[in-house]
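Student: Okay, here's the structure, questions in a sec.
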Amino acid sequence: MTIKNAHQNVVKLLTPVFGNGEATQMARIVFEDVFSVTNFLRMEELTTPQLAKLDAIQSRLLAHEPVQYVVGMTYFYDLKFKVNSAVLIPRPETEELVEWILEEHPKDTPLTVVDLGTGSGCIPLALKARRPGWTCVGLDVSEDALAVARANAERLGLEVTFAHFDVLLNGTLPKDQLTKEPTDLLISNPPYIPPSERDRMSTSTLAHEPELALFVPEADPLLFYRRIAELGRTALAPGGRLYFETNEFNNGEVVTLLEGAGYAAVERRKDMEGKWRIVMGKG
């Protein structure tokens, strides 16, 4: 089967399930990232092993496994990241969080940055790539997630420290061991989805992305924000900043929480879809 016919077949197979636009996008990702093909009209024949691989990929996609997990990678802030089911797939709104941080802190200011719940390491690695003089640390409760983050740091050739940390159990950040300086920026995209919002989520997210990184107890949806805000009061250097990505439905409550916890000049921003998703407070 030629590349052209194979590509057309993938789009045709996926369209009834995902719609033509998403099916076309999935086919593009598969052919570019798995087979290194960018011209989908090529008439070269795929080999028997390539066709077998394509058939397995199609089966996984039809089972609603995210295409990023199927190909094993995704792009975030122009960097290529390894991803698997141990970590969340980085979202565009998280890129907007990174953009806000870079916008407010110029290159010539050396800072110490800690990302809590780092997952794939996308936030500290993207920051380190743009601000080589910064000391960046990523902490996570999941050892499987940390393995992915460390692999990404090695692939990208970026010096970021990753370590185990349970934000609900540990009373202080391990600054003596990791950063050796007070923290200038404390960042987190923590679990923030109560189980009652499951019906708003996609089948692929529910079936394949890690629940540990998604869900928060129904009775206490601000649990992680409150705990991280408490940590920030002792960990942040004078004038340091705390940045959160939030659930669009409780962004205002996070603002109120930070103001009540003593943070100054609390500010929030909308994402590209006009939803309130990012909050910043000064320690």
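With my numbering applied, the sequence shown covers 460 to 742. Idealized CB from N, CA, C, for every residue including glycine.
1) Name, in chain order, the residues that DSSP records as bridge partners for Phe535.
2) Does the Cβ-Cβ distance between Leu584 and Leu510 come in under 8 Å?
3) Starting from the N-terminal side, write out each stretch of the beta strand (DSSP E) that is 3 residues or longer and does not extend beyond the segment 498-565.
4) Kindly give me the distance between the Cβ atoms of Val469 and Gln517, rounded to whole angstroms, as I take these residues to be in contact under 8 Å.
5) Which two residues bound the contiguous beta strand (DSSP E) that contains Asp643?
6) Among Asp679, Ile687, Ala678, Ala672, which has the Cα closest to the Cα of Leu547?
7) According to DSSP, is Leu690 part of a helix, a strand, or is it coil?
8) Pull up the CB-CB distance for Gly597 and Leu644, whole angstroms please, since I reckon it's below 8 Å.
9) For the pair the segment 586-605 and the segment 673-681, tell me if three or more CB-CB distances fall below 8 Å.
10) Counting only the same chain and skipping the five closest in sequence on each side, list residues whose C-beta sits under 6 Å from that of Leu500.
11) By the 10 Å Cβ neighbour count, where 16 or more other Cβ atoms means buried, how is Asp574 classified, buried or exposed?
12) Excluding the 5 residues flanking Pro653 on each side, which residues of the same chain have their C-beta closer than 8 Å to its C-beta?
13) Hey, how far is the Cα of Gly742 from the Cα of Thr693?
14) Just how far apart, CA to CA, sit Ser663 and Tyr684?
15) Helix, strand or coil, according to DSSP, for Val440 in the structure here?
16) List the residues that DSSP assigns as beta-bridge partners of Glu704.
17) So, is Val557 buried or exposed, given that buried needs 16 or more other C-beta atoms within 10 angstroms?
18) Whose CA, out of Thr553, Glu562, Met460, lies closest to the CA of Asp514?
19) Give me the Cβ distance between Glu552 and Arg736, rounded to the nearest whole Å; I'm assuming they're in contact under 8 Å.
20) If you reduce the DSSP assignment to three classes, tell me which class Arg727 lands in.
21) Helix, strand or coil for Ala672 per DSSP?
22) I'd like the list of long-range same chain contacts for Lys587, defined as Cβ closer than 8 Å, with 5 residues on each side in sequence excluded.
23) Give the secondary structure of Pro650 by DSSP, where H, G and I count as helix, E and B as strand, and everything else as coil.
24) Closest to Ile746 by C-alpha separation, out of Glu554, Met731, Gln467, would be which residue?
25) Taking 8 Å as the threshold (C-beta atoms), are Val607 and Val530 in contact?
26) Tell me which same chain residues have a C-beta within less than 7 Å of the C-beta of Arg589, skipping the five on either side of it?
27) If I measure Cβ to Cβ from Thr642 and keep anything under 7 Å in the same chain, skipping five residues before and after, which residues do I get?
Tutor: Concretely, from the data shown:
1) Leu538
2) no
3) 532-535, 538-541
4) 6 Å
5) 642-647
6) Ala672
7) helix
8) That belief does not hold up - the Cβ atoms of Gly597 and Leu644 are roughly 13 Å apart, past 8 Å.
9) no
10) Lys463
11) buried
12) Phe674, Val675, Pro676, Glu677, Pro680
13) 9 Å
14) 26 Å
15) Here the chain covers residues 460 to 742 and nothing more, so residue 440 does not appear.
16) Ile737
17) buried
18) Met460
19) 5 Å
20) strand
21) helix
22) Trp593, Cys595, Leu617, Glu618, Val619
23) coil
24) There is simply no residue 746 to check, as the chain begins at 460 and stops at 742 in what is shown.
25) no
26) Leu561
27) Thr571, Val573, Leu632, Lys634, Ala694, Leu695, Ala696, Gly699
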